[in-house]
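Chains as they are written, first to last, in this note's numbering: chain G, 443 to 618; chain H, 2 to 160; chain B, 6 to 446. Positions of the beta carbon are idealized from the N, C-alpha and C atoms, including for glycine. Treat the numbers as computed from the prediction; the structure is a model and nothing was measured. Notes follow the structure.
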Amino acid sequence: MSGNETGPAMLETKGKPRPPARFITTQFNAVLGWARKYSLFQYPFITACCGMEYMSTACAHFDLDRFGAGWTRFSPRQADMLLVVGTVTQKLAPVLRTVYEQMTDPKWVVAFGTCTVSGGIYDNYAVVQGIDLIIPVDIYIPGCPPRPETVLDGLLKLQEKIQHQEQDWRWKKRRP
Amino acid sequence: MEETKTLDLLKEKFPGEVKDVFTSFGDGVVIIDKGALLSIVKYLKDKPHEYNMLLDLSCVDYLGEDPRFEMVYHLFSLPRNKRLRIKARLAEDDLRIPSLAGLWKNANWLEREVFDMFGVHFEGHPDLRRIFMYDCFEGYPLRKDYPLRKRQPCIKFRE
Amino acid sequence: MPTRIEKEARPETMLLNMGPSHPAMHGTIRIMLELDGERILNSEVEIGYLHRGFEKTCENRTYFNLLIYTDRLNYVSPLINNLGYAMAIEKMLGVEVPERAQYIRVIMSELSRISDHLTCLAAMAMESGAFTVFLYKMKAREFLWDVIEQTTGARMTTSYVRVGGVRADLHPEFETALKKAVVETRKVLKDVHGLLDKNKIFINRTRDIAVISPEDAISFGWTGPCLRSTGVYYDVRKAQPYLSYNRLDFEVPLGERGDNYDRYMVRMKEMEQSLRIIEQAAGRIRKTPAGILAQAVDPAVAIKSSRRQKIKGGIKLSPNLEGAERVKYRDILSADKGYVVPPKEDVYTTIEGLINHFKFFMKGAGIRPPKGEVYFSVEGGNGELGYYIVSDGTDRPYRLHLRAPCFHIVAALEQLIKGRYVADVIPTFGSMNMIGGELDR
């Protein structure tokens, strides 16, 4: 997944003349992106210490809700953002994979905390060295644990990514 | 310290099984023969010693020494507010020791942990199986000859 | 491979899996229930989903490096874990900690303990449906974390307590921030008492649910608020006083019945006692002097001129080292050079300081306790948090074993929920305060 995939450059088919309805699909893309980024339903897959910072981010002092991502849906089928919070161990890896596969498209994955980004301070037999070995990740938020401001920054970057990406709807899938 | 009284009484009552008695940094330690574990612990649990709580049990791997493993039990007496440490050595080819699951209920999970991490078999344990590691894991992680970074993933990794 | 309950279950009952990832946000634990309608006939608890290999890592890192791993054990009260670890090593080394450092450690421990109880009860209330309580308590926790962050530099995983004392002195504005935090916490506690104490719904969900007798609790090895809720008086701070707890005046609240409501009440009352301890301790230490010394010199200039003469005044250190200046060292860290990092002014300007600094961090040197083993326990948020360290004389522990209090508490979960309804699992599990980092290590 490369970032900043703007519509026309990506959809340019080699040599063939561009279809006339390009303007409409681009605008539709943008509107869909706008709608999706401001209504993220998150599934917090909480395991460890980062969970405490997630709770802080979601609560009154640093509010996640003002960015539209306030609704926590505790079922993967109803969520579109998988927020993997905390260390993922080898024992938990199949569970994470199952949860990811249960989520319906469109979905985004945010790796919250260094343990999910790269295994963190735990380089041993029990910890997966980064969840991108298991599922594809969109945004990596470093920190042990990341401050709530960092999380909000990551969320804003995700929103930017959603706005500018090629939206998947009906026959156009972003991840086949 | 009153602890020394308990230690001396123990030495008198079980002359053959109690190998050594000393204090280490202020804690009382008893080294015993593994076969006598149940009888000594039952004796300590009753009055007048009343060590009624099993605080902890764990294992240490002294690679290179024989006997290689050492089981460590921490007992605590709530009414008298006294602690005691009991240690018993296990040889590598005979990793069996009686289980304390009949005396204390938390021994169940504690012994499962030691079995998972070291491979020590507890005789009389109702349900001895892995507790921290997953079923397809082979080996005993906390042994000194298990490398720190040897990973055994359950699922196929992407990249 | 089928689990025990899958093998034992009868064909007419239903198996429900409360999987490792679930909204009862205590971390990852799997509870499998065998149900007859809504009644639980049998259950099995599977842990180990957060087993991060802490004990194995301990054999491969120096004593100083391991401090950061101890933060992540009971991650809601990290300073207490740090404290237990540092005091276990101090017991082996036979170190005397200065008095100011003792009081600072006590204040930080109690702040951690309050945030532990706040988080536990907030999660328990939220899962029972009282979302307001969760938001109020998180607000109070933020104020406490602001106080901790001012002095230690981090909100949660602080790595603040060192062998021999603490890392840095209190911030000059500590008093004002602490006062504000205490006032806000008291307000929140008062509100929560009003919301939950006599609330019929909460009482119906927690009173006489998951009762445990004192004998069973002792047999399971329970300690801490859960044991005190059954009526057994055991608190490590009173039984084996460490730091300056024997000079402070506080009570230990006890429950009567050992049910969920008592566990909730004991924690609420303990928070009030912790606030009392903090106020007493803060009143006994003198105010931190503000600012750097007037003759503070730029480090580069100081290093250059130190070749010719000794630097008498202070040096402008980086903001990261605020509180760790040489003038404050006497109060916060023990004077013995063997296991304490020398102050940065000495490291930059004198050769002895540089050598001591180098020797401390070099592999093979640093904190090297004598050969032997030690067990030391502190009163953690959940109970007796014990460290058993076997040392072979080198700079790495030979074996470090943690006596995790919630390991024993969760071991009793299967017995507590047997015969109850599915809906009772959540407040029961919430009142136990299971912290994954401590349970699975």
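> Which whole-angstrom value describes the C-beta separation of residue 79 of chain B and residue 442 of chain B, a residue pair presumed to lie in contact below a C-beta threshold of 8 angstroms?
Replying inline: 6 angstroms
>> Count Cβ pairs between the stretch 495 to 505 of chain G and the stretch 133 to 145 of chain B that sit closer than 8 angstroms; are there 3 or more?
In response: yes
>> Can you find the residues in the same chain that come closer than 6 angstroms, C-beta to C-beta, to residue 27 of chain B, ignoring five residues on each side of it along the sequence?
In response: none
>> List, in chain order, every chain H residue whose beta-carbon is nearer than 9 angstroms to that of residue 533 of chain G.
In response: 133, 134, 135, 138 and 155
>> Strictly below 7 angstroms CB to CB, what residues from chain G border residue 26 of chain B?
In response: 487, 537 and 541
> Helix, strand or coil: how does DSSP classify residue 247 of chain B here?
Replying inline: coil
> Given that a residue counts as buried once 16 or more other Cβ atoms are within 10 Å of its Cβ, and exposed if not, what is residue 60 of chain H?
Replying inline: buried
> Applying the criterion that 16 or more other CB atoms from any shown protein chain within 10 Å of the CB defines a buried residue, is residue 469 of chain G buried or exposed?
Replying inline: exposed
> What does residue 29 of chain H pair with, by DSSP beta-bridge criteria?
Replying inline: H:24
> I think residue 521 of chain G touches residue 494 of chain G, with their Cβ atoms under 8 angstroms apart; what is that distance to the nearest whole Å?
Replying inline: Incorrect: roughly 21 angstroms between the Cβ atoms, too far for contact.
>> According to DSSP, is residue 124 of chain H part of a helix, a strand, or is it coil?
In response: strand
>> Tell me the DSSP secondary structure of residue 63 of chain H in three-state form.
In response: coil
>> Taking its Cβ as the centre, do 16 or more other Cβ atoms sit within 10 Å of residue 198 of chain B, making it buried, or is it exposed?
In response: exposed
> Counting contacts by CB-CB distance shorter than 8 angstroms, is residue 525 of chain G in contact with chain H?
Replying inline: no
> Using a Cβ-Cβ cut-off of 6 angstroms (strictly less than) and excluding sequence neighbours within five positions of residue 381 of chain B, which residues of its own chain qualify?
Replying inline: 92, 93, 96 and 392
>> I need the boundaries of the beta strand (DSSP E) containing residue 395 of chain B, first residue and last residue.
In response: 389 to 396
> Closest by CA to residue 33 of chain H, which one among H:11, H:115, H:153 and H:18?
Replying inline: H:18
> residue 380 of chain B bridges to which residues according to DSSP?
Replying inline: B:393
>> Assuming contact is defined by CB atoms lying nearer than 8 angstroms, are residue 386 of chain B and residue 81 of chain B in contact in what I supplied?
In response: yes
>> Does any residue of chain B have a CB that is nearer than 8 angstroms to the CB of residue 480 of chain G?
In response: no
>> Using C-beta distances below 8 angstroms, list every residue in its chain close to residue 40 of chain B, excluding the 5 sequence neighbours before and after it, in chain order.
In response: 18, 19, 20, 21, 46 and 427
> Taking the alpha-carbon positions, what's the residue 134 of chain H to residue 591 of chain G distance?
Replying inline: 35 angstroms
> If you measure beta-carbon to beta-carbon, which residues of the stretch 8 to 27 of chain B are closer than 7 angstroms to chain H?
Replying inline: 9
> Going by other Cβ atoms of all chains shown within 10 Å of its Cβ, with 16 needed for buried, is residue 12 of chain B buried or exposed?
Replying inline: exposed
> Where does residue 312 of chain B land, buried or exposed, given buried means 16+ other C-beta within 10 angstroms?
Replying inline: exposed
> Hey, how far is the Cα of residue 331 of chain B from the Cα of residue 319 of chain B?
Replying inline: 8 angstroms
> Which of helix, strand or coil does DSSP assign to residue 484 of chain G?
Replying inline: strand
>> Could you tell me which whole alpha helix (DSSP H) segments of length 4 or greater appear in the stretch 506 to 535 of chain G?
In response: none
> Can you tell which of H:103, H:82, H:67 and H:87 has its C-alpha closest to the C-alpha of residue 12 of chain H?
Replying inline: H:87
> What are the boundary residues of the beta strand (DSSP E) that residue 198 of chain B is part of?
Replying inline: Segment 179 to 201 is the alpha helix (DSSP H) holding residue 198 of chain B; no beta strand (DSSP E) there.
> residue 31 of chain B bridges to which residues according to DSSP?
Replying inline: For residue 31 of chain B, which the question treats as bridged, DSSP gives no partner whatsoever.
> So which of B:411, B:279 and B:323 has the shortest CA-CA distance to residue 186 of chain B?
Replying inline: B:279
> Using a beta-carbon distance cut-off of less than 7 angstroms, what residues from the stretch 126 to 158 of chain B approach chain G?
Replying inline: 140, 143, 144 and 147
>> For residue 81 of chain B, would you say it is in contact with chain G, using Cβ-to-Cβ distances shorter than 8 angstroms as the test?
In response: yes
> In chain order, what residues of the stretch 68 to 80 of chain H put their CB closer than 8 angstroms to some CB of chain B?
Replying inline: 73, 75 and 79
>> Spatial neighbours of residue 9 of chain H within its chain, please: C-beta separation below 6 angstroms, excluding the five flanking residues on both sides.
In response: none
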